[in-house]
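Here the structure comes first, spelled out in structure tokens, and everything after it is commentary.
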Amino acid sequence: MLTRTRMTALSALTLTALLAACGGVNPPTANLDPTPGASGDPVPAQLQGEWHYGYISPIEYYNPSTGQYAEASGTSVILKLTADGRFQRSGISVISTSGCTSKILLNESGVVDLDGSTLTLIPTTSHSKGYTCTPSNSWEQRKPVNSVSTWSVTGSGASAVLTLGDPSGKATDSRYNRPRGATTPGGDAEPGQLRGVVRAASSTDRVGKVSVFACPASGTCEAGGSKFRFTQPGDVGTSSDFTIEDVSDEPHNVFAWTDVNRNSKVDVGDMYGVYTADGKSVTPVTPPADGLEITVYKLTPDDLN
Numbered sequence: 008m009l010t011r012t013r014m015t016a017l018s019a020l021t022l023t024a025l026l027a028a029c030g031g032v033n034p035p036t037a038n039l040d041p042t043p044g045a046s047g048d049p050v051p052a053q054l055q056g057e058w059h060y061g062y063i064s065p066i067e068y069y070n071p072s073t074g075q076y077a078e079a080s081g082t083s084v085i086l087k088l089t090a091d092g093r094f095q096r097s098g099i100s101v102i103s104t105s106g107c108t109s110k111i112l113l114n115e116s117g118v119v120d121l122d123g124s125t126l127t128l129i130p131t132t133s134h135s136k137g138y139t140c141t142p143s144n145s146w147e148q149r150k151p152v153n154s155v156s157t158w159s160v161t162g163s164g165a166s167a168v169l170t171l172g173d174p175s176g177k178a179t180d181s182r183y184n185r186p187r188g189a190t191t192p193g194g195d196a197e198p199g200q201l202r203g204v205v206r207a208a209s210s211t212d213r214v215g216k217v218s219v220f221a222c223p224a225s226g227t228c229e230a231g232g233s234k235f236r237f238t239q240p241g242d243v244g245t246s247s248d249f250t251i252e253d254v255s256d257e258p259h260n261v262f263a264w265t266d267v268n269r270n271s272k273v274d275v276g277d278m279y280g281v282y283t284a285d286g287k288s289v290t291p292v293t294p295p296a297d298g299l300e301i302t303v304y305k306l307t308p309d310d311l312n
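Position 14, counted from 1, in the sequence shown is what my numbering calls 21; the numbers after and before it change by one each time, with no gaps.
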């Protein structure tokens, strides 16, 4: 059964037969913006996704003379940026000196403000804690603090490097890399393409004659409109690759629908799903983008109530 969060976009759909001339596809015409929460400025494709900074390494991890393990040291940060201007950042810093180890942990999320080459992270939730030399000297803070940096991305795909700098030029730049083996937003997609795969939630279900749609996240999804795009991979089994061409350079919601009984209505028995990065809310994506995964579910009466 679909959860309410997965059904957010479905509740707004009104389906018509405006694309009968295009193979009988009956796309949605109503506003598809699910408003999953606060969003910031649209994030360019090359900046979207997950970035890793630094590492935590052991110093003399095991001392055979004393039989003790040494503390690790270093700084590691994971930064995630979405197309619709949201971010998550978590990190740990371990500073070890003679006889003293201090630790700082950070976890925050919020929205992005982009002004040219200036990137501002505005937390809506923030939690940091740590201690100096001993856990008895601990502290904790939940007050959000904005972070302002200059930004630039060099390279592409798995070789891309994000550089965050101090606008005043006083601090050393921080360089972030893509996580090893991760699917990057651009991937093998060419400009204007959205690529991915549609999968049936159950191994006993078929994707069927699925259609995959891309609609601007701001505005309406109107069939025949200048920005409306779709593709029909064909009648397939439990999964199907798709590529949507000529998509405008702005955030789009991407969803898949199989009109099982071909009646131009979303109803019980149809297969339906939307692209979501966290499994909870519709996630807009800006082309070029590769590796999009859409899970389609067989609709039940409860899903349509």
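Glycine included, each C-beta is placed from N, C-alpha and C at the ideal position.
Query, Result
"Asp91 versus Ala296: straight-line alpha-carbon distance, rounded", "14 Å"
"Beta-carbon gap between His134 and Asn114 smaller than 9 Å", "yes"
"Beta-ladder partner(s) of Leu128, from DSSP", "Val119 and Ser154"
"DSSP state of Leu306 mapped onto helix, strand, coil", "coil"
"Nonlocal neighbours in the same chain, by C-beta distance under 8 Å from Arg93, ignoring five residues either side", "Gly44, Ala45, Ser46, Gly47, Ser116, Gly117, Val118 and Val119"
"Contact under 9 Å by Cβ, Glu257 with Thr293", "yes"
"Residue of Arg206, Arg213, Ala196 and Thr250 minimising C-alpha distance to Phe220", "Thr250"
"Cut-off 6 Å between Cβ atoms - residues of its own chain near Thr238, not counting five sequence neighbours on either side", "Val219, Phe249 and Ile251"
"Simplified DSSP state of Ser90, which is helix, strand or coil", "It is Ala, not Ser, that sits at residue 90 in the sequence shown. Of the three classes helix, strand and coil, the one that applies to Ala90 here is coil, per DSSP."
"Distance CB(Asn260)-CB(Tyr282) smaller than 9 Å", "yes"
"Contact under 9 Å by Cβ, Lys234 with Ser209", "no"
"DSSP three-state assignment for Ser225, whether helix, strand or coil", "coil"
"Between the CA atoms of Gly276 and Val267 - distance to the nearest angstrom", "7 Å"
"Supposed contact pair Val168 and Asn184 - C-beta distance, whole angstroms, cut 8 Å", "6 Å"
"Under the three-state DSSP convention, the category Leu39 falls into", "Reliability fails at Leu39, whose pLDDT of 32 lies under 50, so the model's placement of it is uncertain and the value that follows must be treated cautiously. Note: Leu39 maps to coil in three-state DSSP."
"Local Cβ density within 10 Å of Ser166, reported as buried at 16 or more and exposed below that", "exposed"
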